[in-house]
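Some notes on the structure that comes next.
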Amino acid sequence: MSRIVYVNGSYLPEGEAQVSIFDRGFLMADGVYEVTTVIDGKLIDFDGHFARLERSLGELDIRNPMDRNAWLEVHRELVARNGVNLGMIYLQVTRGAPQDRDFVFPDPATTAPTVVLFTQSNPALVDSPKAARGIKVVTIDDLRWGRRDIKTVQLLYPSMGKMMAINQGADDAWMVQEGEVTEGTSNNAYIIKDGRIITRALSNDILHGITRAAVLRFAREAQMPVEERSFTVDEAKAADEAFVTSASTFVMPVVEIDGVALGEGKPGPLATRLREIYIEESRKAAI
Ligand code: PMP
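Below is the structure:
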């Protein structure tokens, strides 16, 4: 079935939606995005994603073309028009399409940002077979740029990293800088040792995950100790459990790192519990 998507103020069948070949998102990856999860037809952490969108746009000096309520209305309209119950909404804002290709930013008075949103359904979002068995990760060098806190659409290296993992029979890659794990290709990375949850502190080295913020809050509320600090690959391989978080995978247990099984090689009890808490609390708070 053809989706209804949103492009620059219009709701259109996906096959009729168009963006200029001069769009700086297309030519230069000059744009940012957000992914918001839909559960029971409602949005998880909409305000967190909106706040991060504003921050990403601000860091790149791109004008936010809509206010919070306008963004919320487009999200809800797309959920309704596409009958999404479980899945996600992808949104992208680029610096727009100037007349010519040029490294210099176009004048915002004459070049408006391009706005695109679309939905994707995922019936296995909550009852996920992957979460039941846990994922395997491999480690790779982190070769990305230095502003990973901005959620830009330059996803080539993370995409290559995912392929490196798949080609080695794993599910995903953890990126490593100076011996320490930064994050997964599209998620934040955690280990658990002696009941303590360890994850890299926020900085320009990683994306400030909206799911990370929620999961750390729920963990602290459940009296699980949290340490926001870097950890090495060796420390990760010796951990009791590990997991990753993202809007589209919630809390996803990791059962193997570079071929080394963690614990019993199946999802650990704390990661499993955190996934349950996250889903339960997000369901209650979704709007
Ligand atoms: N790190 C990276 C590199 C990501 O791409 C993502 C997901 N887009 C995350 C972390 C997780 O962020 P969030 O919880 O907001 O989805």
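Going by our numbering, 741 is the number at position 17 of the sequence shown; the sequence numbering is gapless. Heads up, the beta-carbon is just placed ideally off N, CA and C, and yes, glycines get one too. For clarity, every value in this text was computed on a predicted model and none was experimentally measured.
Exercise. Beta carbon of residue 1010, beta carbon of residue 786: below 8 Å?
Worked result: By 1-based counting over the sequence shown, the position of residue 1010 is 286. By 1-based counting over the sequence shown, the position of residue 786 is 62. No; because the gap between Cβ atoms is not below 8 Å, this pair is not in contact.
For this session: Give me the Cα-Cα distance between residue 730 and residue 777, rounded to the nearest whole angstrom.
Result: The count along the sequence shown starts at 1 and reaches residue 730 at position 6. The count along the sequence shown starts at 1 and reaches residue 777 at position 53. If I take the Cα positions, the gap works out to 17 Å.
For this session: Spell out a yes or no on whether the region 873–884 and the region 838–851 are touching, meaning 3 or more CB-CB pairs, one atom from each, closer than 8 Å.
Result: no
For this session: Run through the region 739–781 for me and flag every whole alpha helix (DSSP H) of 4 or more residues, listed as ranges in chain order.
Result: 748–752
For this session: Please report the Cβ distance between residue 943 and residue 915, rounded to the nearest whole angstrom; I am assuming they are in contact, meaning their Cβ atoms lie under 8 Å.
Result: Here residue 943 refers to the residue found at position 219 of the sequence shown. Here residue 915 refers to the residue found at position 191 of the sequence shown. No, residue 943 and residue 915 are not in contact; Cβ-Cβ is about 13 Å, not under 8 Å.
Exercise. For the beta strand (DSSP E) that residue 916 lies in, which residues bound it at each end?
Worked result: Counted from its first residue, the sequence shown places residue 916 at position 192. Segment 912–917, the beta strand (DSSP E) holding residue 916.
For this session: Would you mind reading off the limits of the beta strand (DSSP E) that contains residue 907?
Result: The sequence position of residue 907 within the sequence shown is 183, counting from 1. Taken as a continuous stretch (DSSP letters only), the beta strand (DSSP E) holding residue 907 covers 904–908.
For this session: Would you kindly check if the distance between the Cβ of residue 995 and the Cβ of residue 967 is under 8 Å?
Result: Within the sequence shown, residue 967 is the residue found at index 243, counting from 1. Within the sequence shown, residue 995 is the residue found at index 271, counting from 1. Yes; because the gap between Cβ atoms is below 8 Å, this pair is in contact.
Problem set entry | Where residue 801 falls: helix, strand or coil (DSSP) | Here the question's residue 801 lines up with position 77 in the sequence shown. Here residue 801 sits in helix by DSSP.
Problem set entry | Close-in-space but distant-in-sequence residues of the same chain around residue 954 (CB under 6 Å, 5 per side omitted) | For the purposes of this step, residue 954 is identified with residue 230 of the sequence shown, where counting begins at 1. Correct list, in chain order: 904, 924.
For this session: Pull up the DSSP beta-bridge partners for residue 859, would you.
Result: Locating residue 859 in the sequence shown gives position 135, counting from the first residue. Note: residue 859 sits in a beta bridge opposite 978.
For this session: Compute the Euclidean distance between the alpha carbons of residue 1000 and residue 1007, then round it to the nearest angstrom.
Result: On the sequence shown, residue 1000 is found 276 positions in, with the first residue counted as 1. On the sequence shown, residue 1007 is found 283 positions in, with the first residue counted as 1. Rounded to whole angstroms, the gap between the alpha carbons of residue 1000 and residue 1007 is 11 Å.
For this session: Check whether the Cβ of residue 930 sits closer than 7 Å to any heavy atom of ligand 1, and report yes or no.
Result: Your numbering for residue 930 matches position 206 in the sequence shown. Correct: residue 930 has its Cβ closer than 7 Å to ligand 1.
For this session: Give me the Cβ distance between residue 872 and residue 928, rounded to the nearest whole Å; I'm assuming they're in contact under 8 Å.
Result: Here the question's residue 872 lines up with position 148 in the sequence shown. Here the question's residue 928 lines up with position 204 in the sequence shown. Indeed they touch by this definition, with Cβ atoms about 6 Å apart.
For this session: Check residue 925 in the structure and name its three-state DSSP category.
Result: Locating residue 925 in the sequence shown gives position 201, counting from the first residue. The three-state secondary structure of residue 925, taken from DSSP, is coil.
Exercise. Is the CB-CB distance between residue 897 and residue 839 below 8 Å?
Worked result: Position 173 of the sequence shown, counting from 1, holds the residue named residue 897. Position 115 of the sequence shown, counting from 1, holds the residue named residue 839. Contact flag unset, no.
For this session: Would you kindly check if the distance between the Cβ of residue 768 and the Cβ of residue 971 is under 8 Å?
Result: Position 247 of the sequence shown, counted from the first residue, corresponds to residue 971. Position 44 of the sequence shown, counted from the first residue, corresponds to residue 768. Against a cut-off of 8 Å, the Cβ pair of residue 768 and residue 971 comes out as a contact.
Exercise. Tell me which same chain residues have a C-beta within less than 8 Å of the C-beta of residue 835, skipping the five on either side of it?
Worked result: Within the sequence shown, the letter at position 111 stands for residue 835. These residues qualify, in order along the chain: 819, 820, 821, 822.
Exercise. Where does residue 958 land, buried or exposed, given buried means 16+ other C-beta within 10 angstroms?
Worked result: What you label residue 958 is simply residue 234 of the sequence shown in a count that begins at 1. So residue 958 ends up on the exposed side.
Exercise. How should residue 828 be labelled, buried or exposed, when 16 other C-beta atoms within 10 angstroms of its C-beta is the threshold for buried?
Worked result: As a working note, residue 828 is residue 104 in the sequence shown. Residue 828 comes out exposed.
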